[in-house]
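Q: Numbering (the working numbering), first residue to last: 25 to 376.
Beta carbons are placed, not taken as given, at the ideal position from N, Cα and C, and that holds for glycine.
Owing to the predicted nature of the structure, the values given are computational and were not obtained by experimental measurement.
Pasting in a structure now, in structure tokens, and then I'll have a few things to ask.
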């Protein structure tokens with residue numbers, strides 16, 4: 025009976041004409057239909073069962089709407105009412121963008137850019153944007169133009185690339201979050217920017233000129249760092265010399281004032297002696313600094329023979345060696361007194 029049942033299922037029933045009417049039996053048609061159903065069931069089961077790897081996730085849509093997100097393992101869904109989108113959510117992806125941009129100071133530069141990203145929300149990646157990666161490229165171009173357009177050419181070509189990369193990443197991620205693309209930017213690298221080939225030589229000249237400017241500025245700063253301290257030192261020395269001269273003048277003035285005060289006291293005690301003393305001191309000072317002495321005649325035109333020790337007086341004034349103070353003072357006083365006596369004698373003769 026089992027064999028008959030199997031034969032009936034797969035078309036193994038009675039042969040043609042067994043029913044006595046000469047028409048084929050119904051068992052052959054039912055057998056082919058059964059085989060078809062089994063094959064269709066096997067194909068459907070094969071397509072419905074799928075495996076999600078450890079690095080992947082899958083989003084299942086039922087009747088075009090979000091149904092579930094499944095993780096790693098063996099899973100099943102029901103096509104055609106279900107749709108499955110399976111992506112690697114741990115692998116970092118990258119693409120490169122390059123184009124001519126206008127800088128803040130209205131110069132054109134070519135900026136190559138590499139963006140690394142990964143999918144962090146597969147549901148948003150599948151449902152919210154029709155072509156997420158194309159949207160990512162458009163958002164990258166917009167962020168790049170905005171950042172380069174607000175940056176000077178010098179910063180773009182030299183040390184400003186790291187700051188530009190940080191700003192581009194921040195702005196790009198803000199765009200992607202606004203669109204809910206499910207993409208997270210992990211790294212943005214701004215490679216060496218350059219001027220267009222048509223104006224590369226002019227740009228090189230400008231860069232060399234700026235390097236020369238920086239070098240000259242550094243040399244000037246080095247020279248200033250050497251000259252300014254030296255000038256300050258000289259100024260300090262001049263100030264100290266001026267202070268010393270001031271102290272010297274003040275001390276000398278105070279000494280002169282003290283001497284004059286004492287002289288006034290002595291004058292009040294003995295006016296004649298003090299006058300004589302002042303006269304002798306003055307004559308001593310005058311004769312010690314001159315090599316010529318002129319003596320006028322009397323009122324009658326007669327000349328008087330005067331004897332003055334001029335040779336000794338001049339010699340004492342020219343003597344370069346410094347004699348003892350007491351000897352020099354006594355010699356000068358003697359000479360001055362001799363000159364005074366001679367003048368007094370001449371006056372006496374005139375009065376006679």
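Can at least three beta-carbon pairs, one atom from the region 172 to 180 and one from the region 93 to 105, be found at a separation below 8 angstroms?
A: Taking 8 angstroms as the limit for Cβ pairs, the verdict is that the region 93 to 105 does not touch the region 172 to 180.
Q: Out of curiosity, what's the CA-to-CA distance linking residue 141 and residue 168?
A: Cα to Cα, the separation comes out at about 16 angstroms.
Q: For a test of the three-state rule: what should DSSP assign to residue 153, helix, strand or coil?
A: Residue 153: coil per DSSP, three-state reduction.
Q: Please report the distance separating the alpha-carbon of residue 86 from that of residue 105.
A: Residue 86 and residue 105: Cα-Cα distance of roughly 6 angstroms.
Q: Under the three-state reduction of DSSP, which class applies to residue 243: helix, strand or coil?
A: Helix.
Q: Rounded to a whole number of angstroms, what is the C-alpha to C-alpha distance between residue 350 and residue 257?
A: Because residue 350 carries a pLDDT of 42, less than 50, the predicted location of this residue cannot be relied on, and the following value inherits that uncertainty. Each residue's alpha carbon lies about 45 angstroms from the other.
Q: For a test of the three-state rule: what should DSSP assign to residue 267, helix, strand or coil?
A: Helix.
Q: Can you grab the Cα-Cα spacing for the pair residue 126 / residue 239, in whole Å?
A: Residue 126 and residue 239: Cα-Cα distance of roughly 28 angstroms.
Q: Between 138, 244 and 150, which lies nearest to residue 196 when the distance is taken from Cα to Cα?
A: Among 138, 244 and 150, the Cα nearest to that of residue 196 is on 138.
Q: Given a cut-off of 8 angstroms on the beta-carbon distance, is the pair residue 91 and residue 72 in contact?
A: No, these two residues do not count as a Cβ contact at 8 angstroms.
Q: Just curious, the beta strand (DSSP E) that residue 118 is in, first and last residue?
A: Looking at the DSSP string, the run of the beta strand (DSSP E) that includes residue 118 is 117 to 126.
Q: Run through DSSP, which three-state label would residue 372 get?
A: Confidence at residue 372 is low in this model, with a pLDDT of 49, below 50, so its placement is unreliable and the value that follows should be read with caution. Three-state result, residue 372: helix.
Q: Excluding sequence positions up to five away, which residues of its chain have a Cβ less than 7 angstroms from the Cβ of residue 242?
A: Nothing listed; no residue qualifies.
Q: Tell me whether residue 148 is buried or exposed, calling it buried when 16 or more other Cβ atoms sit within 10 Å of its Cβ.
A: Residue 148 comes out buried.
Q: Looking at the unbroken beta strand (DSSP E) that takes in residue 140, where does it start and where does it end?
A: From DSSP, the beta strand (DSSP E) with residue 140 extends over 132 to 143.
Q: Do you know offhand how far residue 211's Cα is from residue 205's?
A: For residue 211 and residue 205, the distance between alpha carbons rounds to 17 angstroms.
Q: Quick one: residues in its chain with C-beta nearer than 8 angstroms to the C-beta of residue 134, no 5 flanking neighbours on either side, listed in chain order?
A: The answer, listed in chain order, is 122, 123, 124, 125, 217, 218, 219 and 220.
Q: Which residue from 109, 226 and 274 puts its Cα closest to that of residue 76?
A: Measuring from the Cα of residue 76, the nearest candidate turns out to be 109.
Q: By a C-beta neighbour count over all protein chains shown, 10 Å radius and 16 as the cutoff for buried, is residue 200 buried or exposed?
A: Residue 200 comes out buried.
Q: Mind checking who residue 86 pairs with in its DSSP beta bridge?
A: In DSSP, residue 86 forms a bridge with 89 and 106.
Q: For residue 287, count the other beta carbons within 10 Å of its own beta carbon; 16 or more makes it buried, fewer makes it exposed. Which is it?
A: By the neighbour-count rule (16 or more Cβ atoms within 10 Å), residue 287 is not buried but exposed.
Q: First and last residue of the alpha helix (DSSP H) that includes residue 180?
A: Element bounds for residue 180: 177 to 181.
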